[in-house]
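Beneath this line is the structure, given in structure tokens, with notes to follow.
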Amino acid sequence: MIPPTKSAATKGHSVITPEHLRWQKSSYSGNGGVCVEWAPSYALAHGVVPVRDSKRSDGLVLMVSAAAFTGLVTMARDTSR
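Under the working numbering, the first residue of the sequence shown is numbered 1017, with each subsequent residue one higher.
Below, the structure written as structure tokens:
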């Protein structure tokens, strides 16, 4: 995970600033405080999915491939049944 800082950009990493993304969380999420959010428009435009902890909107953003995100969602769905 790369924190959204200027120093990361100078090391050759792509940097996104979370406040510029439109975040979404599952309609199935409750108030348990164990949710993640993702930025679908960024994912569609760039082929990688930004994911963050919904409780820490100013925290780290994890960038994962679309396949990895699909696997994460599938696993979460299967374990919640």
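From the three backbone atoms N, C-alpha and C, an ideal C-beta is built for every residue, glycine too.
### Task
Report all residues from its chain with a CB closer than 7 Å to the CB of proline 1056; omit the five preceding and five following residues, and keep chain order.
Gln1040
### Task
Taking alanine 1068 as part of the beta strand (DSSP E), name the residues at either end of that continuous run.
First, the residue type needs correcting, since residue 1068 is arginine and not alanine in the sequence shown. Per DSSP, the continuous beta strand (DSSP E) segment holding arginine 1068 begins and ends at 1064-1069.
#### Entry: Residue from Asp1094, Cys1051, Val1077 and Ser1043 with nearest C-alpha to serine 1070
Cys1051
### Message
Less than 8 Å between the C-beta atoms of serine 1081 and valine 1064, yes or no?
### Response
yes
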